[in-house]
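Residue numbering for the sequence shown follows the numbering used here, starting at 16 and increasing by one per position. Where a beta carbon is used, it is the ideal one built from N, C-alpha and C, also for glycine. Below: the structure, in structure tokens.
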Amino acid sequence: MANTIQSTVEGHSPKDRILIAVGGNAIHPTKRPGTVEQQIEFAIKTGNALLPILAMDNQLVITHGNGPVVGKILMRQILTRDTIPPMSMDVCVAHSQGGIAYLLMQNLENALRNVGNDRHVVCLLTQVEVDPKDPAFSNPTKPVGSFYSEEDARDIEKKLGWTMREDSGRGWRYVVPSPLPKHIVDISLIETIAKSGAVVIAGGGGGIPVVRNDDGTRHGVEAVIDKDLSSALMANVLGIDTLMILTAVDKVYLNFGEPNQLALGDVSLSEMEKLQTSGEFAEGSMGPKVDAAIKFLQDGGKRAVIAHLDDAVDGLAGTAGTQITL
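Printed below as a string of structure tokens:
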């Protein structure tokens, strides 16, 4: 495989197995309109940030968020509901998964080709099974789509029937059920592709939410699965040692946004569990990422990293981000 840049990150062997969960903002910025051109711009940025890792001789799986994009899909069909029949939530997730993965696949490969590397990037449409009796279905909590003022949110609730909630001081958003992931469908195929040497993009937006019937058939449900929890489950099933969650901040913070905020560097699992139990991390922001990191380590992982996209290489090397270990 041709490669003109160094193909290892300090402290990592060529055959490492890594799962990187990229936040939805890496492909659709929250404070910009999110045109296709802007989404391509951010996909290019993601490819450049991950390039040294993409160029390693590793087994690499990449997942991604879809909140801003699936929110736009929902808004479009609400606005056109009188002329175009609306799609169910699982189909909306599938649409967002395919579109986002396409842009990432293309621009990750472009980044590799620009340095003479012929590694392939593959996107796999991924279903994730959930429990139809999950209590989340009666308590929507997962924010999707754009941020609104409280006044606009109340108006949307009246006109569209959406459930709107305040999201970590950043504004109001539409919330939907978020059941726990139980099984990654076709996980063996993800593993086979990763072992072949191709980069695998899978589980986008937490996966397409489905339930399995007694006869083994499946059907979609109205929900959005947390992509970090799906990523943790996927990494555990694949036996991956390192889960890296890339987001819009450089580290996990205590008292985030306050004058006394404190960045966390190297933290043990037990310390993070105590902080989580104390309610330190906001449910609509850092909370799900911390939950996923803890779950990953509890179920067999060795290291979870939460870092900024721009710090991906240093985060993998252990010199940036919040490093959580046993």
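{"query": "Of the choices 204, 142, 334 and 329, whose alpha-carbon is the least far from that of residue 68?", "result": "329"}
{"query": "Measuring CB to CB, does residue 142 end up less than 8 Å from residue 233?", "result": "yes"}
{"query": "Just to confirm, is the Cβ distance from residue 146 to residue 223 under 8 Å?", "result": "no"}
{"query": "My output table needs one value for residue 208: the three-state DSSP class, helix, strand or coil.", "result": "helix"}
{"query": "Checking the sheet assignment: what are the DSSP bridge partners for residue 104?", "result": "Residue 104 is not bridged to any residue."}
{"query": "Pull up the distance between the alpha-carbon of residue 229 and that of residue 236, whole angstroms please.", "result": "16 Å"}
{"query": "Sort out for me which residues DSSP pairs residue 8 with in a bridge.", "result": "Residue coverage of the chain in this structure runs from 16 to 341, which leaves residue 8 outside it and unanswerable."}
{"query": "Please report how far the alpha carbon of residue 169 lies from the alpha carbon of residue 197, in whole angstroms.", "result": "34 Å"}
{"query": "Determine the direct distance from the alpha carbon of residue 275 to that of residue 138, and round the result to whole angstroms.", "result": "42 Å"}
{"query": "Pull up the distance between the alpha-carbon of residue 286 and that of residue 102, whole angstroms please.", "result": "43 Å"}
{"query": "Quick check: does the Cβ of residue 251 come within less than 7 Å of any heavy atom belonging to the ligand HEM?", "result": "The ligand HEM is absent from the structure shown, which contains no ligands of any kind."}
{"query": "Do residue 246 and residue 307 have their CB atoms nearer than 8 Å?", "result": "yes"}
{"query": "Which of helix, strand or coil does DSSP assign to residue 284?", "result": "helix"}
{"query": "Between the C-alpha atoms of residue 325 and residue 122, what's the straight-line distance to the nearest angstrom?", "result": "16 Å"}
{"query": "Are there three or more Cβ pairs, one per stretch, closer than 8 Å when the stretch 299-318 is compared with the stretch 253-271?", "result": "yes"}
{"query": "Please return the same chain residues whose Cβ sits closer than 8 Å to the Cβ of residue 322, not counting the five positions on each side in sequence.", "result": "259, 260, 261, 262, 265, 266, 329, 330, 335, 336 and 337"}
{"query": "So, under 8 Å CB-CB, residue 250 and residue 75 are touching, yes? Tell me the CB distance rounded to an integer number of Å.", "result": "Wrong, their Cβ atoms sit about 12 Å apart, outside the cutoff."}
{"query": "What first and last residue would you give for the alpha helix (DSSP H) that runs through residue 90?", "result": "82-94"}
{"query": "For the putative contact between residue 38 and residue 80, defined by C-beta atoms under 8 Å, what is the C-beta separation to the nearest angstrom?", "result": "5 Å"}
{"query": "Taking its Cβ as the centre, do 16 or more other Cβ atoms sit within 10 Å of residue 189, making it buried, or is it exposed?", "result": "buried"}
{"query": "Could you give the C-beta distance for residue 51 and residue 85, rounded to a whole number, given that I count them as a contact under 8 Å?", "result": "About 16 Å; that fails the 8 Å criterion."}
{"query": "Buried or exposed for residue 129, going by 16 or more other Cβ atoms inside 10 Å?", "result": "exposed"}
{"query": "Looking at the secondary structure, which residues open and close the beta strand (DSSP E) in which residue 162 lies?", "result": "157-163"}
{"query": "What residue range is occupied by the uninterrupted beta strand (DSSP E) comprising residue 260?", "result": "257-262"}
{"query": "With the cut-off set at 8 Å, would you say residue 192 and residue 126 are in Cβ contact?", "result": "no"}
{"query": "Suppose you measure from the CA of residue 98 to the CA of residue 92; what does that come to, to the nearest Å?", "result": "9 Å"}
{"query": "Does the beta-carbon of residue 203 have 16 or more other beta-carbons within 10 angstroms, so that it is buried, or is it exposed?", "result": "exposed"}
{"query": "List the residues that DSSP assigns as beta-bridge partners of residue 337.", "result": "321"}
{"query": "Return the residue from the list 300, 94, 180 and 269 that minimises the CA-CA distance to residue 293.", "result": "269"}
{"query": "From the DSSP secondary-structure annotation, give me the bridge partner or partners of residue 179.", "result": "189"}
{"query": "Smallest Cα separation from residue 225: which of 313, 195 and 184?", "result": "195"}
{"query": "Run through the DSSP bridge pairs and tell me what residue 224 is partnered with.", "result": "143"}
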